[in-house]
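Engineer: Chains as they are written, first to last, in the working numbering: chain A, 885 to 995; chain B, 5 to 117. Glycine included, each C-beta is placed from N, C-alpha and C at the ideal position.
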């Protein structure tokens, strides 16, 4: 039973345009959400997070939006750069130390 | 980069054999985690540790055991490996509980034939 879902396995965008990665969750008890980025043959690296008491968090080119009523969050990357090409994982935390990941979305940014 | 190493980086073994994966950190972080990554599932938590000799189960703990005798080392053991345990295993560390940023190691690719 996958409680965190990334329904788009892949996304391709042009350099300079906006990338929007989506994530849905089923458990309303999740109270903290994160995005991780992963390059091939490396471990995931933390990108940005958001608490359930907020609906937006911004860090440079990266913005995460949380819609609790829809149980949906999204990651916006503006402008997209070729170096952003990676697999992006959405994750959600319920209680301490129980982090659930989505299956990932592979982003390709074309020059 | 956080100082996390995993050994071995690659391993091929046969069904029924015991396997131990090692995670070593130089950051003195209290929390350590073991995840597995499989296509279509993302990363799933196997076990975690919140201190020396303090461990707890994660989402997919069956068939795995862990030990932490020192702050810097967290071992994952497959007592009798099965083909379903073929996966990429990642270790992670954090200063506090999982709402703190987790730093991941480079991963271990395990193949069970």
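Mind checking which residues open and close the beta strand (DSSP E) that includes residue 906 (chain A)?
Structural biologist: Taking the first chain and counting its residues from 1, one reaches residue 906 (chain A) at position 22. 903–909 is the span of the beta strand (DSSP E), which, as asked, contains residue 906 (chain A).
Engineer: Quick one, which residues of the segment 948–979 of chain A are near chain B if we go by CB-CB under 7 Å, in chain order?
Structural biologist: 973, 977
Engineer: Is the CB of residue 105 (chain B) under 9 Å away from at least one CB in chain A?
Structural biologist: Walking along the second chain from the start, residue 105 (chain B) turns up at place 101. Under the Cβ distance rule, residue 105 (chain B) counts among the residues neighbouring chain A, one pair being separated by less than 9 Å.
Engineer: What residues of chain B sit near residue 913 (chain A), judged by a beta carbon separation below 8 Å?
Structural biologist: By one-based count along the first chain, residue 913 (chain A) stands at place 29. In chain order: nothing, as chain B lies at least about 14 Å away.
Engineer: Is the separation between the beta-carbon of residue 894 (chain A) and that of residue 994 (chain A) shorter than 9 Å?
Structural biologist: For the purposes of this step, residue 894 (chain A) is taken as residue 10 along the first chain, with counting starting at 1. For the purposes of this step, residue 994 (chain A) is taken as residue 110 along the first chain, with counting starting at 1. Going by C-beta atoms, residue 894 (chain A) is not nearer than 9 Å to residue 994 (chain A).
Engineer: Would you call the CB atoms of residue 7 (chain B) and residue 30 (chain B) closer than 9 Å?
Structural biologist: Stepping through the second chain from its first residue, residue 7 (chain B) is reached at position 3. Stepping through the second chain from its first residue, residue 30 (chain B) is reached at position 26. Yes, Cβ-Cβ distance for residue 7 (chain B) and residue 30 (chain B) is below 9 Å.
Engineer: Mind checking whether residue 932 (chain A) and residue 946 (chain A) have CB atoms under 9 Å apart?
Structural biologist: On the first chain, residue 932 (chain A) is found 48 positions in, with the first residue counted as 1. On the first chain, residue 946 (chain A) is found 62 positions in, with the first residue counted as 1. Taking 9 Å as the Cβ cut-off, residue 932 (chain A) and residue 946 (chain A) qualify as a contacting pair.
Engineer: Residue 888 (chain A) and residue 985 (chain A) - do their beta-carbons sit closer together than 9 Å?
Structural biologist: For this step, residue 985 (chain A) is matched to residue 101 along the first chain. For this step, residue 888 (chain A) is matched to residue 4 along the first chain. It is a contact, given that the beta carbons lie within the stated cut-off.
Engineer: Check residue 7 (chain B) in the structure and name its three-state DSSP category.
Structural biologist: In the second chain, the residue the question calls residue 7 (chain B) occupies position 3. Three-state result, residue 7 (chain B): coil.
Engineer: How many whole angstroms separate the CB atoms of residue 20 (chain B) and residue 84 (chain B), which I take to be in contact at a CB cut-off of 8 Å?
Structural biologist: The residue given as residue 20 (chain B) occupies position 16 in the second chain. The residue given as residue 84 (chain B) occupies position 80 in the second chain. About 5 Å separates the two Cβ atoms, so the contact holds.
Engineer: What do you reckon, are the CB atoms on residue 955 (chain A) and residue 916 (chain A) nearer than 9 Å?
Structural biologist: Counting from one through the first chain, the residue named residue 955 (chain A) turns up at place 71. Counting from one through the first chain, the residue named residue 916 (chain A) turns up at place 32. No. Outside cutoff.
Engineer: Relative to the C-alpha of residue 960 (chain A), which residue among A:940, A:936, A:976 is closest?
Structural biologist: As a first step, residue 960 (chain A) is located in the first chain; it is residue number 76 there, counting from the start. Of the candidates A:940, A:936, A:976, the residue whose Cα lies closest to the Cα of residue 960 (chain A) is A:940.
Engineer: Any Cβ of chain A within less than 9 Å of the Cβ of residue 94 (chain B)?
Structural biologist: Sequence index remark: in the second chain, residue 94 (chain B) carries index 90 (1-based). Yes, residue 94 (chain B) counts as interfacial toward chain A.
Engineer: Near residue 12 (chain B), what residues of its chain come up, given a Cβ to Cβ distance below 7 Å and the 5 sequence neighbours on each side ignored?
Structural biologist: Counting from 1 along the second chain, the entry for residue 12 (chain B) is found at position 8. Around residue 12 (chain B): 112.
Engineer: List, in order along the chain, the chain A residues whose C-beta lies closer than 7 Å to that of residue 69 (chain B)?
Structural biologist: Stepping through the second chain from its first residue, residue 69 (chain B) is reached at position 65. Result: empty, since nearest Cβ-Cβ is about 18 Å, beyond 7 Å.
Engineer: So is residue 102 (chain B) in contact with chain A if we call contact Cβ pairs under 9 Å?
Structural biologist: Taking the second chain and counting its residues from 1, one reaches residue 102 (chain B) at position 98. Yes, contact with chain A.
Engineer: Only counting runs of 3 or more residues, tell me where the beta strand (DSSP E) segments fall wholly within the segment 926–986 of chain A, in order along the chain.
Structural biologist: Runs found: 929–935, 940–943, 946–951, 956–961, 970–977, 983–985.
Engineer: According to a CB-to-CB cut-off of less than 9 Å, which residues of the segment 927–947 of chain A neighbour chain B?
Structural biologist: 927, 928, 929, 930, 933, 935
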